[in-house]
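Take a look at the structure set out below.
Number of protein chains: 6
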Amino acid sequence: MTGEPAVYLRGRMLPASEASISIFDFGIVLGATITDLLRTFNHHPYRLEDHVHRFYDSCKYARIKPPILAKETMRITEELVKHNAPLAGPGGELAVVYFITPGENFVYAGSAAAGGADLTPTFCIHSFPLPFHLFRRFFETGLHLVTPSTRHVPPECIDPKIKNRSRLHWWLAEQEAHLVDGSAMPLLLDLQGNITETSGSNFLLVKKGIVYSPAPRNILLGVSRKVVIELCSKLGISFVERDLQTHDAMTADEAFVTTTPYCMAPVTKVNGVTTGDGTSIGGPIYRRLLRAWSDEAGVDIRAQILGPQGPNSVASA
Amino acid sequence: MTGEPAVYLRGRMLPASEASISIFDFGIVLGATITDLLRTFNHHPYRLEDHVHRFYDSCKYARIKPPILAKETMRITEELVKHNAPLAGPGGELAVVYFITPGENFVYAGSAAAGGADLTPTFCIHSFPLPFHLFRRFFETGLHLVTPSTRHVPPECIDPKIKNRSRLHWWLAEQEAHLVDGSAMPLLLDLQGNITETSGSNFLLVKKGIVYSPAPRNILLGVSRKVVIELCSKLGISFVERDLQTHDAMTADEAFVTTTPYCMAPVTKVNGVTTGDGTSIGGPIYRRLLRAWSDEAGVDIRAQILGPQGPNSVASA
Amino acid sequence: MTGEPAVYLRGRMLPASEASISIFDFGIVLGATITDLLRTFNHHPYRLEDHVHRFYDSCKYARIKPPILAKETMRITEELVKHNAPLAGPGGELAVVYFITPGENFVYAGSAAAGGADLTPTFCIHSFPLPFHLFRRFFETGLHLVTPSTRHVPPECIDPKIKNRSRLHWWLAEQEAHLVDGSAMPLLLDLQGNITETSGSNFLLVKKGIVYSPAPRNILLGVSRKVVIELCSKLGISFVERDLQTHDAMTADEAFVTTTPYCMAPVTKVNGVTTGDGTSIGGPIYRRLLRAWSDEAGVDIRAQILGPQGPNSVASA
Amino acid sequence: MTGEPAVYLRGRMLPASEASISIFDFGIVLGATITDLLRTFNHHPYRLEDHVHRFYDSCKYARIKPPILAKETMRITEELVKHNAPLAGPGGELAVVYFITPGENFVYAGSAAAGGADLTPTFCIHSFPLPFHLFRRFFETGLHLVTPSTRHVPPECIDPKIKNRSRLHWWLAEQEAHLVDGSAMPLLLDLQGNITETSGSNFLLVKKGIVYSPAPRNILLGVSRKVVIELCSKLGISFVERDLQTHDAMTADEAFVTTTPYCMAPVTKVNGVTTGDGTSIGGPIYRRLLRAWSDEAGVDIRAQILGPQGPNSVASA
Amino acid sequence: MTGEPAVYLRGRMLPASEASISIFDFGIVLGATITDLLRTFNHHPYRLEDHVHRFYDSCKYARIKPPILAKETMRITEELVKHNAPLAGPGGELAVVYFITPGENFVYAGSAAAGGADLTPTFCIHSFPLPFHLFRRFFETGLHLVTPSTRHVPPECIDPKIKNRSRLHWWLAEQEAHLVDGSAMPLLLDLQGNITETSGSNFLLVKKGIVYSPAPRNILLGVSRKVVIELCSKLGISFVERDLQTHDAMTADEAFVTTTPYCMAPVTKVNGVTTGDGTSIGGPIYRRLLRAWSDEAGVDIRAQILGPQGPNSVASA
Amino acid sequence: MTGEPAVYLRGRMLPASEASISIFDFGIVLGATITDLLRTFNHHPYRLEDHVHRFYDSCKYARIKPPILAKETMRITEELVKHNAPLAGPGGELAVVYFITPGENFVYAGSAAAGGADLTPTFCIHSFPLPFHLFRRFFETGLHLVTPSTRHVPPECIDPKIKNRSRLHWWLAEQEAHLVDGSAMPLLLDLQGNITETSGSNFLLVKKGIVYSPAPRNILLGVSRKVVIELCSKLGISFVERDLQTHDAMTADEAFVTTTPYCMAPVTKVNGVTTGDGTSIGGPIYRRLLRAWSDEAGVDIRAQILGPQGPNSVASA
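Protein chains in written order, with my numbering: chain E, 46 to 362; chain B, 46 to 362; chain P, 46 to 362; chain D, 46 to 362; chain U, 46 to 362; chain A, 46 to 362.
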């Protein structure tokens, strides 16, 4: 396993090349997969407890019992990062993925009830190097968000507070957003027309010096979003949760998204309309928060992404 | 490939043991998978055109372009069945699965937009022997349906008219139903409290000689359901689509589900309440329809499932 | 009034240049305007009774009492058309507009209640030549419909079955559609994600030889749509009303819109996806209906619009 | 222009008698009009920046670009008030109206798409004397609010946070309220049954010393409401935003509305039920706030409205 | 029991004066009561089977098991009517009431779960003379229906297809309707703004010769409504179920309600607006149906109600 | 009346055995009953003002006017408790019930409008000994809450902020919960899938040291819940109101219900999943609050319920 990234699967640490999932796994057949994703700063897992606890809460809700305790998962994560991080190269960082499914069994033949009796969950921890080169443009030109007609799945169907892989609506929303702009990202509305999140990040906006977030009902309670809440508190910036609508996003002074892989990226257009006065990529509140975050992480987040050292290969770590 | 089932994957016919999907495939990472499933009767694909056309309609909606035309898919299906069916053994039948995903690419790093530029769809056709032994109890004791608090995903999020694999809500609904009865199947309501479908089959009920179906808004337009519509027409039975509620299901004279693997199975309880007068497993309308279907298929559907010849192994065909 | 079009306003027939509305009219201040619009064929009002009766029904609902009876309105329409039609030039046709408002009064100062006591409705009938040159491209290339995130106003707020002028949502929806394609038209969804209508026309689709319309809840009961229902009946084509979703529009065999000014125009794309197999502008059912309509109207509808005789000037008739 | 009020229209200052709008203007045909309204105190514009900034935010959302910058609009407002205010007479005050439409073009022929290519927005600033005599009874007897069955248009259709003129639902709601009481004002509920606003003012209630407002989702963020928030803060009164229902309005200790023309008026009945204990017109919190507001404005608001000097004529200023 | 009406309660036939219900009965404490009501024509139960079967279906849904079979209930009804009808006097008719509750137990102390273990249902059949004098004005002047802001309870909460006694919303709706007109009856809308029913009767309207009913989702499937469906079929009148809105009710040619006690009564006003052309109390379709119904019942329904023989006393029969 | 509990009914104090309600009372026929319930501590009414004021607010909303003033109701309550409490025996406590109905009249014959003219409300105050033996298991094993598919009635139908007796949905929800576990209690969701309350108590949860409550829209503003808010404030525990979903309840650290009869009881399972880490019946925050409450009440609440002195008889006091 020396030169190859390690994967933790079904209780064992394996070389990535030996890890595989059955096509009859419920995770694949139903998208019944609970997941989480953290990143490293300087080759150390960031907010490890937050991610693992959220993952275990999601499992509890979905009634898929992880085969090991949260503490053991943290220990294995540390071990996996220690082995895999050097493979990401100098200046590289890792994403670590957790996922669990109800398990592999004879086929989902019309109903899980048919063969659901005695499943053994499929639990996996793996990593890959963060593709900084793909994030560069978010920082160079900012994001263009588009509200598609496809709506976010509501919590009474699949609660977005559990990080999961039944996200066809994200794909559909992205196709709609790409009709407007090939590099746009969808900002999904909920069934009452309130703003939720993009297909993979939390959305925040700034109006008159206050940071506003959608209420927690219809969004992932992102760990990066939590970091922003803490930084706002530290910097004396008000952070308010409430129902927001497209109007609020289109008339905001600033807007940005938060997500584990690239922390925070500025929004520069919503539905084709320039955010704020359009004079810079990322407004003053965004820049204060990013600076404070970089200090806390011990890494210049923006520079790391824009720098030449981002991995360009797609080899999984 | 002689003794092993064939799988059609990425344009080639392979032995099943050589077919695999990347864990970075969007189908796995997002559940962004379009699928369909047909079965054989007497080792011949049943309603091949219906299934393939629905699959291509779903792909069109999801903007995932299959690499080959519908006609070619039908031809390959015939070829695959010819090769794999004998492996299902005498008296066995096949299920044939189609699935397609946006493709495999560098990771879905927070947003498909990051690396979504030039994906090649993953398109696969594979088969497995129908596990008749798992269906036996549906015909021996009938189904117990339970309405869970988890609701069906609405069409403005992910249209249930496209057969897809973002179905975590089905898993969640099943866990709720199993709290009531370990062998129960969930009957999901939509967001307005109307009946939709179970986690894998259409639901129909009979009241005063008329067959009622939920309106098409929130259900898969099942091919088996379509067969029932045709048989109703042939037998002079009225078939009516309209919004149905739990009350209708609990006070029906008869109820049953339709689904490709086992065609039609009787419902004998809804939320713990006996369907109809409880004197038989499957009422008179159900039995007429099943008989007519068996005639059309050239197979005694019930006898085939209850008979000793059902495959008990889980070897994929 | 000889060389100038006539306008019927506040009980009198006036030259267009002498007709004006106060900026304190409730129709302008609140958009509280009931309207209708008919067209001529060969300089004769088409479906005069249908339009006038719908207008009077809308007025009844809105509690704005027209100062004259429906019969008198029809008589004045005939008179107005007789005077104005010749001014549309050879080959030209007229649109005739009815509108009525609660009236002109002292300002809507925070609440209509303030000064709403004794209003005299503003009732007007005027006409303009149909701008065929603007419709040409609908027939040459077909329409591209886009489902915007802006939703149709529901009937419990402002019933779309009353033709009215509180349509800012149409403007907003158009701006969203134009982000995708500068010549696209929005196809608005209702609050449950069902298809309603475009910003000015009814939407119909064809699947397997059947014409489907959205249910009447959320749409104008268009007179042109009614003509299509009658023609379907005459031609033996099934016409079915039911809740339709974006999926239905994107996987239809054909689709088209109906509207008074240009009768019927083919849809060739929905959300960027080609309608049907894309081999022609308007499918076989569309063409049969348009032919039958032309026969009924005594005018080749398509030829009239595509022909060189369409008015290019914007002088109001 | 000496003896006549000035109107700013299409870039020029005109005498009111020369200002007119085409009946083909989209603002009239579609109600696609963005508007705002401020008032003077002692012949000076009050909260000029707040009104102008809201107006520009609304324009941004609606994608109608004002031909001049916000600063220039403020300058012209000052100029217009200086010219028109003296015409309101001693003791009179002005309302200043802003409105903008997509512009005047050839007709909205079935779809704005038809001729929407190159519109020039119609932008107007005009004024009229505040009709204090119409407001007198609000202060003398208080308001009777009635919740009609007509619901407020939701933000996913037309966001009430943009001040606009597609308000037929206000007219309809008023007709319903007048069935109960010819001088009643409607208090519209949203689609979930929460209180929103009246047809032209914000609604606030008091329970146990706390001022409650509906959450901002479904209401205009009124400038007068903002004044009340500031006054509450200054006076040490809690101001809480949350979803309110009819029950809250009918069991409140006090209730009142806020609106630019008459600032604040007490509510004395809701759905026929006396507000509070019915012992006075306006409760103690209302009176404290009104006094503080009068101090801030330098005008006794109530006395000005009740006094003999209110304009009785309807001549526009 | 000779001179006194009989009541069937807890398995025994009792004189009315000896029948009483505990104030700790769940029917009283929770309104958890299933009920039904039939009437006699010429002292014979009308549509006895329809009423009893609906009652038993409702009980099945509510999981309250009647202590006797449906057949026995019909037998007892006949017996009760035979005894009580003569007490209604000549020309009088009876209403027969069924009701059942979960039973009487120690108190519902915060939760039925507390003491819900072993309840014995309270089942009662009683009668009273139909108070024709109260119905007279419905036939003399017609009904005024008002749509209140209070909405009908949806089927996912309490299905209106089960006749029950948790109807506080009916009381609330009536209070709102009475604000408009002391003799008005509320016509409740559902949560999407569709018409449902009044507080005690089904609503039907006529437009261009077709009878329209709200879809069955949100209404009691009234036995009188079913009679109208049968009569329409016999008379060749189309009967269509679909979502109807206030607009449809206010622009109908005719409207009427159906209900067991007085069969059918004409609607002459909706929200203050005259129904149809206002020339008669009850339109031509209404009159044809009432005549046909009278023929079927063997009683002139209208004459019986308007005649002098209606009971004026309130003594229960 | 010496040895028998007193009941206040229709203006007079009666022995319980002489108090009865007509079966034609609207409270019984419609469930149109407003109610409230308080308890004693050490034979003294607890939070008497809170309960009586809520009751009077509910009456105001429902337009049922109590025949006496709130102060008089409080005086009678004190008198009734003084007489009845000794009958509850040593260690016993009373529940005091208020209820009022529109009154008794001739039957609700199809519509209250028929005979609603001049009703006299039925107003009653009675008491019963708190059945502590029924509450014991709540404290010994904790509660199992189950989210049923039946939803809570929304405030636009019957506002749950008024304590009333139209609660068939509670009964239906309990039947569903009992399918899972015969001793489970339903936790009802609202129409958007948010948590509301159980069938008789408020629900609160604890996450990371903060107490969360559903927003007030869809719940009774319980007096016991108010006590918890006050105790939280006193103990320095944050209390937050916001929309909560099933996910929040299933992943909470602690959960409990509050209700007048037994104050606070711990939740140990939600939908079959153990609450918190399952190590104790009631978590640390729950225990702190209960201790503080016992101090305030002067009674060890838990000991009183678990002690041997609880009344086991069902004799009403």
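Just so you know, even glycine gets a beta-carbon here, dropped at the ideal spot from N, CA and C.
Which chain U residues are close to residue i, counting only those with a beta carbon under 9 Å from its beta carbon?
i	result
residue 75 of chain A	76, 210, 211, 212, 213, 215, 216, 244
Mind pulling the chain A residues with CB within less than 8 Å of residue i?
i	result
residue 105 of chain E	295, 296, 318
Let me know if residue i comes out buried or exposed under the rule of 16 or more other beta-carbons within 10 Å of its beta-carbon.
i	result
residue 158 of chain A	Note that residue 158 of chain A scores 43 on pLDDT, short of 50, meaning its location in the model is unreliable; the coordinates nonetheless yield the value given after this. So residue 158 of chain A ends up on the buried side.
residue 116 of chain P	exposed
residue 113 of chain E	exposed
residue 50 of chain B	buried
residue 161 of chain B	The predicted position of residue 161 of chain B is uncertain, since its pLDDT is 49 and thus under 50; no value can be drawn from it.
residue 311 of chain P	buried
residue 350 of chain E	buried
residue 361 of chain D	Summary for residue 361 of chain D: the model assigns pLDDT 33, below 50, so the residue's position carries little reliability; its value from the coordinates is reported in the next sentence. Classification of residue 361 of chain D: buried, given that the 10 Å Cβ count is 16 or more.
residue 243 of chain U	buried
residue 210 of chain B	buried
residue 154 of chain B	For residue 154 of chain B, the pLDDT reaches just 41, beneath the cut-off of 50, and the residue's location in the model is therefore unreliable, leaving the point undetermined.
residue 348 of chain B	exposed
Starting from residue i, find everything on chain D with Cβ-Cβ shorter than 7 Å and list it in chain order.
i	result
residue 207 of chain A	292
residue 66 of chain P	68
Can you tell me which of the options puts its alpha carbon nearest to the alpha carbon of residue i?
i	options	result
residue 325 of chain P	P:299, P:304, P:342	P:299
residue 260 of chain D	D:272, D:278, D:268, D:241	D:241
residue 200 of chain D	P:204, P:200, P:195, P:203	P:195
residue 365 of chain A	A:315, A:283, A:295	With chain A covering only 46 through 362, there is no way to say anything about residue 365 of chain A.
residue 169 of chain E	E:333, E:285, E:64	E:64
Going by DSSP, what residues sit across from residue i in a beta bridge?
i	result
residue 314 of chain E	E:189, E:319
residue 309 of chain D	D:303
residue 169 of chain E	E:54, E:144
residue 89 of chain D	D:86
Give the interface partners of residue i over in chain D, defined as CB-CB distance under 9 Å, in chain order.
i	result
residue 191 of chain P	None at all; the shortest Cβ gap to chain D is about 10 Å.
residue 147 of chain P	216
Residues of chain E with CB under 7 Å from residue i, in chain order?
i	result
residue 288 of chain A	260, 262
Short-range partners of chain D found in the region 294-318 of chain E, where Cβ spacing is below 7 Å: Listed in sequence order: 295, 296, 318.
Could you run through the region 95-120 of chain E and flag, in chain order, every residue whose CB is less than 9 Å away from some CB of chain B? Correct list: 106, 107, 108, 109.
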